[in-house]
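Please read the structure below before turning to the comments.
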Amino acid sequence: MATEFSLYNVHCEWGEHGVSALAPHCDVVIVVDVLSFCTCVDIAVGRGARIYPYPWRDGSAETFARRAGAMLAGTNRSQPGYTLSPASLRGLPMGSSLVLPSPNGATLALATGSTPTFAGCLRNARAVAEAASRHGRRIAVVASGERWADGNLRPALEDWLAAGAIVHHLSETIAGFLPHALSPEALAARAVYREASQTGMMKAWLLDSVSGRELCERGFAEDVTIAAQTDVSTVAPMLVEGAFRNATPKSEGMLSPDLLGAAGLRASRPTPASHRNPMPPR
């Protein structure tokens, strides 16, 4: 892997191992979890919200949210209130603070160490690519995937499509000026995205993907439809001192510390091992 970093500028990988392999060598990491963490983050941040990623869906999340002064999203899409259902967040009050537990996207976002980190999806692919390119030319795009019953990574088509969309926009933004800019994996992801985009099959592919069918069977086809919308958002959610907030040229680097930053959760962007228990100190 080390040799590859001298050959390519834009890389695509999967899951936690992808983050641990790429983050130390890249200028920026873009985490992709289309169904549904990063899509939820895009919608909420677009409403001026702060979204605190949290890796576990257990009782510790309630304590974490209370100490952060934030609401806690529910773990069951069917329950009332705000959940990992993108549709549930479209009415989130402006400027809210919300803890969003997710074993996939949130876990990856909290494992990137000191590397600037964005939440990418189909909706904000262009915006995130443009924002990420301002942090450097060595860019990692990491697809979260899903989990099999035994906990192992299950690659997810929707995440590969969104990774490809981001790579597509990166290649227009910066990669065209660089020799050998895209790794073979990045080229492959871009090719899959372009096929879906050029044939008008993006929504159909997402609805018929394994993850999409699972959500449709549970009554959440609307979530898949929302997630399939491409480049409809100008939001670039960046993880700053524990929370995702919109990153613009004016606001990047100018955000004030929040409760979790003061508590040391991510103010110094610790190593992945320290994220195994991201609880504020008592």
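The numbers in this note's numbering rise by one with no breaks, and the one at position 139 of the sequence shown is 175.
Just so you know, even glycine gets a beta-carbon here, dropped at the ideal spot from N, CA and C.
The C-beta distance from Glu166 to Ser247 rounds to 27 angstroms, too long to fall under 8 angstroms, and the pair is not in contact.
Taking Ala279 as reference, the option from Asp78, Gln234, Asp244 and Pro191 with the minimal CA-CA separation is Asp78.
Per DSSP, reduced to three states, the secondary structure at Thr235 is coil, with no helix or strand assignment. In the DSSP annotation of this structure, the continuous segment of the beta strand (DSSP E) that includes Gly156 starts and ends at Thr153 to Gly156.
With fewer than 16 neighbouring CB atoms inside 10 Å of its own CB, Pro220 falls in the exposed class. Of all alpha-carbon atoms in Val65, Ala161 and Cys74, the one lying nearest the alpha-carbon of Glu208 is that of Ala161. Asn45 is positioned such that its CB atom lies no closer than 8 angstroms to that of Ile202.
Taking a contact as a CB-CB distance under 8 angstroms, the pair Cys74 and Ala155 counts as one, their CB atoms being some 4 angstroms apart. Exclusion of the five residues before and after Gly172 leaves Cys62, Asp63 and Val64 as the residues of its chain whose Cβ lies within less than 8 angstroms of its Cβ. Rounded to the nearest angstrom, the gap between the Cα atoms of Asn282 and Ser269 is 11 angstroms. Distances from the CA of Leu275 to each of Tyr118, Leu58 and Ala147 were compared; the closest alpha carbon is that of Ala147. Between the region 237-245 and the region 123-138 there are fewer than three C-beta pairs closer than 8 angstroms, too few to call the two in contact. Going by DSSP, Glu49 is part of the beta strand (DSSP E) stretching over Val46 to Trp50. The straight-line gap separating the alpha-carbon atoms of Leu71 and Trp50 is approximately 15 angstroms.
Minimum Cα-Cα distance from Asp94 among the listed residues Ala104, Thr111, Met130 and Gly84 corresponds to Thr111.
DSSP lists no beta-bridge partner residue for Met130.
For Ile262, the enclosing alpha helix (DSSP H) stretches over residues Ala257 to Ala264. Excluding five sequence positions before and after Gly84, the CB atoms of its chain that fall closer than 6 angstroms to its own CB belong to Met130 and Gly131, given in chain order. For the pair Ala104 and Tyr88, the CB atoms are nearer than the 8 angstroms cut-off. Your pair Asp69 and Ser180 checks out as a contact, with CB atoms roughly 4 angstroms apart and the cut at 8 angstroms. Sixteen is the threshold: since fewer than 16 other Cβ atoms of the shown chains lie within 10 Å of the Cβ of Pro116, the residue is exposed.
For the options Ala97, Glu253, Asp259 and Leu251, the alpha carbon positioned closest to that of Ala142 is the one of Ala97. Contact annotation, Ile262 with Val164: C-beta distance approximately 17 angstroms; criterion of less than 8 angstroms not satisfied. Sequence-distant Cβ neighbours of Ala106 in its own chain, meaning closer than 7 angstroms and more than five residues away, are Tyr88, Ser133, Leu134 and Val135. Looking at the DSSP output, Phe280 bridges to Ile87 and Leu275.
With fewer than 16 other Cβ atoms inside 10 Å of its own Cβ, Trp184 counts as exposed.
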